[in-house]
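Note that this note's numbering has the sequence shown beginning at 15, numbered continuously upward.
Note that the Cβ used here is the ideal one computed from N, Cα and C, for glycine as well.
These numbers come from a predicted model, not from an experiment.
Okay, structure first, notes after.
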Amino acid sequence: MWLVMALAVLLVASACGQSDKTSESSGANKGAGTANTAPSTEEAETPAANADAEPAMVAYQSAAGEVMVPANPERIVDLTAFTTGYFVALDAPVVGALTGAMNNKYIKDQLAAQGTADLGQLPTVEQLVELKPDLILVYAGTDGIDQLEKVAPVVQINYGELHFKDLMRELGKLTNREEAATTWIEQWETRIDELKPQVQQAVGDRTVSILNPYAGGVYVFGHNYGRGGEIIYGEFELKAPPKPQAEAIDSGTGFASISLEVLPEYAGDIIFTSRWSGDDSDPALVYDNPLWSSLPAVKNNHVFQLDPESDTYNDPMSLDGQLTFIADSLLAD
15 MWLVMALAVL LVASACGQSD KTSESSGANK GAGTANTAPS TEEAETPAAN ADAEPAMVAY
75 QSAAGEVMVP ANPERIVDLT AFTTGYFVAL DAPVVGALTG AMNNKYIKDQ LAAQGTADLG
135 QLPTVEQLVE LKPDLILVYA GTDGIDQLEK VAPVVQINYG ELHFKDLMRE LGKLTNREEA
195 ATTWIEQWET RIDELKPQVQ QAVGDRTVSI LNPYAGGVYV FGHNYGRGGE IIYGEFELKA
255 PPKPQAEAID SGTGFASISL EVLPEYAGDI IFTSRWSGDD SDPALVYDNP LWSSLPAVKN
315 NHVFQLDPES DTYNDPMSLD GQLTFIADSL LAD
C-alpha cells in the first residue's frame, strides 16, 4: 500500500535530521485514555510558567500497548489519509495530512479552511518538524515508529480493525471529543432509520455489487472496504450475489480479485462502480468489453458511477456524502 511506502521513505529520511523533541510512544485503535498529570496550583497562577509547561498527558491503551498522548491534541498530523475525515467530523485540528485526504471532495474544503498542510504522498521529517505536531497517527506495524516518536507522540491504528462507529468513538476518546463522536453517531443512525426501509422497499430482492476494473481484472468489494460497502451491505443490509457474499463479505477480507471472464458470476442486478485509482489501467478494457455490456444491470441502466478517488474512503464525512448518493440512486432506480 502506498501509505506504507510513504512512511518507509519518511522514516529512512529521519535518520539524517531530527528534532530533539522526544515523547512516549505506541499504537491505537482501541481503548480509552485516562489523565495521569495535571497542572500544579503554581502553574495555574503563573501565566509565564503555564505557557512554558508541558501539556497534560493521558494514557491511551491501544492495540500496540499504552501510549502517552496530549489530553487535548491541538496539532494532529494524520499519515493514514483514511482517518483524516474522522478528525474533520470531530472538529479536531489537523495541521498536516496526505494528498489523498487533501483531495477527498468530502473534506477538502474543511481542511483548506483550517489551513491543513498538504504533506504529499512521501512526506519528509523536515515537513513534520516544521508543523510542530503534538500527535501523529500512522498505520500499525510500520518500521521506524521510534523515529517518528522523536517528533511527537505516535498513535498506531489498524485499517478495518474496528467498525467505523467504534473507530469514531475511539478517536473521540483520543481527541477528548467523545460527545462530538456520540452526536455524529446518533445523527447518522437517525438518517439510516429513515432511509433504510425506503431503500429496502425500492430494491426488493435484487442483488447489489460493487465492482472496480483494474489492471489485473476486476475488484469486487464487500462491507468494510469503502466505496459505499459499509452502507450498501452494512447499514441497508442489501443482498450481494452469492460469490461476492462468500469471497468479499463472509471471508472478512472486504474485497476479492477476479478475472474478467467470470465477471457475470459476481455482477448483481444493481452495480456501483468506478475505475481503480491504484493503477493507470484503462477502465474501458472492462467497460467496453462485450461481457460488461451483456450484464443485466448494464442493459437495464442499473449502474451507478462512484467517485474513483473520494469514494474509496469510509470515514464519517465520506460516508455522509456516500449515503446521500447511494440512497438517491437506489430510490430513483
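Beta carbon of residue i nearer than 8 Å to that of residue j
| i | j | result |
| --- | --- | --- |
| residue 100 | residue 185 | yes |
| residue 352 | residue 216 | Because residue 352 is not part of the residues shown, which for the chain are 15 to 347, the question remains open. |
| residue 178 | residue 244 | yes |
| residue 112 | residue 93 | yes |
| residue 89 | residue 107 | yes |
| residue 281 | residue 225 | yes |
| residue 240 | residue 328 | yes |
| residue 300 | residue 167 | no |
| residue 231 | residue 340 | no |
| residue 390 | residue 236 | With the chain running from 15 to 347 in the structure shown, residue 390 is simply not present. |
Local conformation of residue i per DSSP, three classes
| i | result |
| --- | --- |
| residue 165 | coil |
| residue 260 | helix |
| residue 235 | strand |
| residue 84 | strand |
| residue 318 | strand |
| residue 138 | coil |
| residue 74 | strand |
| residue 206 | helix |
| residue 96 | coil |
| residue 47 | Residue placement at residue 47 is flagged as unreliable, the pLDDT there being 34, under the threshold of 50; the coordinate-derived value follows with that caveat. Three-state DSSP puts residue 47 in a strand. |
| residue 287 | strand |
| residue 245 | helix |
| residue 125 | helix |
| residue 153 | strand |
| residue 292 | coil |
| residue 79 | strand |
Per DSSP, cross-strand counterpart(s) of residue i
| i | result |
| --- | --- |
| residue 253 | 221 |
| residue 271 | 233 |
| residue 228 | 231 |
| residue 132 | 111 |
| residue 171 | 153 |
Reference residue i; option with closest CA among the options
| i | options | result |
| --- | --- | --- |
| residue 165 | 172, 182, 140, 183 | 140 |
| residue 269 | 71, 278, 223, 152 | 223 |
| residue 104 | 293, 240, 125, 144 | 125 |
| residue 182 | 167, 163, 202, 168 | 202 |
| residue 310 | 191, 88, 285 | 285 |
| residue 118 | 323, 90, 338 | 323 |
| residue 292 | 300, 326, 272 | 326 |
| residue 279 | 295, 294, 89, 254 | 254 |
| residue 208 | 315, 102, 338, 295 | 338 |
| residue 234 | 273, 130, 87, 145 | 273 |
| residue 283 | 176, 306, 78, 73 | 306 |
| residue 147 | 229, 91, 134 | 91 |
Straight-line Cα distance separating residue j from residue i
| i | j | result |
| --- | --- | --- |
| residue 45 | residue 266 | With a pLDDT of 35 at residue 45, under the threshold of 50, the predicted position of this residue should be treated as unreliable, though the coordinate-derived value follows. Each residue's Cα considered, the two are about 23 Å apart. |
| residue 115 | residue 96 | 7 Å |
| residue 289 | residue 277 | 15 Å |
| residue 172 | residue 331 | 19 Å |
| residue 348 | residue 275 | Since the first residue shown for the chain is 15 and the last is 347, residue 348 is missing from the structure and cannot be characterised. |
| residue 138 | residue 109 | 15 Å |
| residue 251 | residue 199 | 18 Å |
| residue 170 | residue 191 | 19 Å |
| residue 257 | residue 162 | 42 Å |
| residue 86 | residue 189 | 6 Å |
| residue 343 | residue 71 | 46 Å |
| residue 308 | residue 298 | 15 Å |
| residue 175 | residue 81 | 19 Å |
| residue 78 | residue 303 | 47 Å |
| residue 210 | residue 249 | 7 Å |
| residue 74 | residue 180 | 15 Å |
| residue 193 | residue 149 | 20 Å |
| residue 312 | residue 321 | 18 Å |
| residue 76 | residue 227 | 36 Å |
Residue i Cβ short of 7 Å to the ligand FMN heavy atom set
| i | result |
| --- | --- |
| residue 162 | In the structure on display, the ligand FMN does not appear, and there are no ligands present to speak of. |
is_contact[residue i, chain C] using C-beta, thresh 8 Å
| i | result |
| --- | --- |
| residue 279 | This model lacks chain C altogether; it includes just one protein chain. |
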